[in-house]
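Each residue of the sequence shown is one higher than the one before, starting from -9 at the first, in the numbering used here. Cβ atoms here follow ideal geometry from the backbone N, Cα and C, with glycine treated the same way. Presented below is the structure to which this report refers.
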Amino acid sequence: MLKKLFDYKVDENLELFVLIKSAETRIAKNGKKFIAFNFADSSGVISAKFWDASDDDIKRFEAGKVVHLKGKRENYQNNPQIKIFKLRLANAEEPNDPALYLQAAPEKTLAMEEELNQYVFEIVNPTWNRIVRYLLKEYHDEFFKFPAAKSNHHAYAGGLAFHTLSILRLARSVTEQYEEVDKALLYAGTILHDLGKVLELSGPVATTYTLAGNLIGHIVLVDEEIVKACVALKIELESEDAILLRHMILAHHGLLEYGSPVQPHLLEADILHQLDNLDASIQMLKKSLGHTEPGNFSERIFGMDGRNFYQPKQK
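Written as structure tokens, this is what we have:
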């Protein structure tokens, strides 16, 4: 069985094919260019530096290309890193399809779609149901293929759908315990809250932010899509139903400094914000601790205030 990136131990030499997940050209202290890589396969993503990169190297080693990598697994400031010995593009006779190196959601697309449809059936408010169905139909393929983020959480093919479904499962538990929660509003807001990622991100292979993603962001982008859906469906934008659903989306990051235009002012909006944070945090921890030996601390997790977490020796 061929070894993958995270099958190699620290200080072990490695040789394998990987996908260039990202490649950023930077300037070192000595004034020379280098490439900051993120290499990926189905086991995860590890960074590397390609020092003294020529202009030809920069053109050759682009994000989305498959390369043959020789190097050594290292740790830098407690983060996994690869020291590159030799790098070349995969040729036509070698496994050069980027899809072979993508991480994927832990559940099959068809199963996720069938379960998601069950939640849609439970959105009994006709306005919210129509908007959700309209937008899911509009962005069906992207919704089930795209990641939920570039790197922090659910950053793999199908991650957007899986993240959404994970929150819906948590939301069901909340509505079963607290009968005063409007299930239809919470479900509708959950399904649409990150749908703007299909416009904010470029896709699952070499994920980058689109121009609209960088300059507008997924929260505003999906709010615009809701407005367009209301116009197409002849739903009054001034109606309380439309405004409540838009608030669910606009407030789901919780704080202004985290990108939400408004803070939550609905019970269901605050629940969505809390569940979104919970699911994202657990996913980031699972990913990091999954590569941490028992009795050691993980790397520092950027999306969790730079904290590292201990992996107990026994569980």
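query: At least three beta-carbon pairs within less than 8 Å, the region 3 to 22 to the region 56 to 66; result: yes
query: Distance CB(Asp231)-CB(Thr117) smaller than 8 Å; result: yes
query: Residue span of the beta strand (DSSP E) that contains Tyr66, given as start and end; result: 56 to 66
query: Unbroken beta strand (DSSP E) run spanning Ile113, endpoints; result: Where Ile113 is concerned, there is no enclosing beta strand (DSSP E), given that its DSSP letter is neither H nor E.
query: Distance between Lys49 and Ile209 (C-alpha atoms, nearest Å); result: 34 Å
query: Span of the beta strand (DSSP E) around Leu79; result: 69 to 79
query: Continuous beta strand (DSSP E) stretch holding Leu9: start and end; result: 3 to 17
query: Any 3 or more C-beta pairs closer than 8 Å across the region 68 to 83 and the region 111 to 129; result: no
query: DSSP state of Asn204 mapped onto helix, strand, coil; result: helix
query: Residue nearest to Asn20 in terms of C-alpha spacing, selected from Asn28, Phe27, Gly34, Ala43; result: Ala43
query: Buried or exposed by the 16-neighbour rule on C-beta atoms within 10 Å, applied to Glu14; result: exposed
query: For Phe152 and Ala89, believed in contact at Cβ under 8 Å, the rounded distance; result: Ala89 to Phe152, Cβ: 18 Å. No contact.
query: Buried versus exposed call for Lys277 [16 or more other C-beta atoms within 10 Å across all chains shown]; result: buried
query: Backbone CA spacing between Glu215 and Asp172 [nearest angstrom]; result: 23 Å
query: Top-ranked residue by Cα proximity to Thr165, from Ser156, Leu155, Tyr177, Thr154; result: Tyr177
query: Burial state of Leu245 (16 or more Cβ within 10 Å); result: exposed
query: Three-way DSSP call (helix, strand, coil) for Gly149 in this model; result: helix
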